[in-house]
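Heads up: the sequence shown runs through residues 2 to 284, numbered per this note's numbering.
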Amino acid sequence: MTARILDGKLLSDSVKAEVATRVEALKTRGITPGLAVVLVGSDPASQVYVRNKAAACEKAGLHSRVIRLDGDITEEALLDVVRELNGDDAVHGILVQLPLPRHMNAAKVIETIAADKDVDGFHISNAGLLMTGQPLFRPCTPYGIMKMLESEQISLWGAEAVVVGASNIVGKPMAMLMLAAGATVTLCNSKTRDLAAQTRRADVLVVATGKPGMVTGDMIKPGATVIDVGINRNDQGKLVGDVDFDSAREVAGLITPVPGGVGPMTIAMLLVNTLEAAERRAT
Ligand code: NDP
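Structural data, given as structure tokens:
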């Protein structure tokens, strides 16, 4: 069996087109959804992410503002920038690009973002709302994955879902969203004793560890849906996922590629979250 490939680029284009239509509708009411992205320091990967996010906003008709700050700025000065954005009516969504320089407490910075502008969904109140089944903003990567599953009509009701990786930004919210959709969820981490025994039970397997190629074909149930969140650069400088694509593709039923899978959906859902923040304010 060779798995079908779930094209995240294609799906993200249709999500972005729908966002553009809804943005137009808001504009007729005098509202332009606005996203502020704060970038501290000069991490090359972060620079690329921020540029891509801003470009995607502009293309869909949203307003974007990128605030670039020196890497040696104090935490208090950064918090002041965030507070100012909290009070700015033209800004509906605020995103502080992670990782932050070592001298800053990322949790404190995120908690300073107004929860109703926290389009990344990382604020503790938004994490709590998600956990209790009343989400305001769903974190963009897991939200995009849910959209991918929905687009393929993959039902999670009663399904075995296994998530490898338990970070606050991907694994944990992913588990919550799939649980809410009726799946029986197993959340694995680096201490999981027999990882393959867990992954082999999965009807839907999501891998987000940052360990290139760690999930191989022999760890996958035949016909399973495999979602690869990982973005890693291999020794040849090529982008690869956390799943060994070639061996996994021989076993899975459906698989996301890297690049062109989850990554484009993450950006699309950031636009959705920003749009919805503006729509909520408009009502
Ligand atoms: P983190 O480093 O924050 O978390 C990694 C998680 O994976 C941890 O829970 C860790 O376990 C677990 N883990 C590490 N090694 C193993 C192992 N051998 N077996 C089982 N679990 C393991 O990573 P992120 O969640 O931030 O990111 C994960 C990957 O996803 C990265 O490649 C990142 O670049 C990518 N990413 C992609 C996005 C996209 O848009 N496509 C968005 C965000 C991230 P423990 O808790 O025990 O340490």
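Beta carbons: idealized from backbone N, C-alpha and C, even for Gly.
Which class does residue i belong to by DSSP, given the choice of helix, strand or coil?
i	result
Asp8	coil
Leu101	coil
Leu255	strand
Leu63	coil
Ala26	helix
Asp90	coil
Ile111	helix
Ala198	helix
Gly224	coil
Asp1	The requested residue 1 does not occur in the structure, where the chain is confined to residues 2 to 284.
Thr284	coil
Asp44	coil
Pro265	helix
Met270	helix
Thr275	helix
Asn53	helix
Ala203	coil
Count the other C-beta atoms from every protein chain shown that fall within 10 angstroms of the C-beta of residue i, then say buried if there are 16 or more, exposed otherwise.
i	result
Thr33	exposed
Gly122	buried
Thr200	buried
Asp245	buried
Thr22	exposed
Leu27	buried
Ile125	exposed
Pro143	buried
Leu7	buried
Asp90	exposed
Ile129	Sequence inspection shows Gly at residue 129; the Ile mentioned does not correspond to that position. With fewer than 16 other Cβ atoms within 10 Å, it is exposed.
Ala203	buried
Lys239	exposed
Ser15	exposed
Met2	exposed
Asp71	exposed
Thr257	buried
Ala198	exposed
Gln98	buried
Ser13	buried
His104	exposed
Thr210	buried
Ile159	Just to set this straight, residue 159 is Gly in the shown sequence, not Ile. Label assigned to Gly159: exposed.
Ala184	buried
Val216	buried
Gly31	exposed
Ala56	exposed
Thr113	buried
Pro100	exposed
In the DSSP assignment, what residue or residues form a beta bridge with residue i?
i	result
Leu96	Val38
Asp229	Val208
Ile68	Val39
Arg234	Leu240
Val216	Val244
Is there a Cβ from chain D that is less than 9 Å from the Cβ of residue i?
i	result
Val38	Protein chains in the displayed structure number just one, and chain D is not present.
Which runs of the beta strand (DSSP E), 3 residues or longer, sit entirely within the stretch 118-195?
161-165 and 185-189
Could you check whether the stretch 55-62 touches the stretch 71-91, counting it as contact only if at least three pairs of C-beta atoms, one from each stretch, sit closer than 8 Å?
no
Assess, as a yes-or-no matter, whether the stretch 224-231 is touched by the stretch 108-121 under the definition of 3 or more beta carbon pairs within less than 8 Å.
Counting Cβ pairs under 8 Å, fewer than three are found: no touch.
Assess contact between the stretch 247-266 and the stretch 136-152, defined as three or more Cβ pairs (one per stretch) separated by less than 8 Å. Is contact present?
yes
Can we say the stretch 230-242 touches the stretch 185-195, given the rule of at least three CB pairs closer than 8 Å?
When Cβ pairs closer than 8 Å are counted between the two stretches, the stretch 230-242 is seen not to touch the stretch 185-195, the count staying below three.
Are three or more beta carbon pairs between the stretch 274-283 and the stretch 248-258 nearer than 8 Å?
no
Where the beta carbon is closer than 7 Å to any heavy atom of the ligand NAD, which residues qualify, in chain order?
Of the ligands one can find in the structure shown, namely the ligand NDP, none is the ligand NAD.
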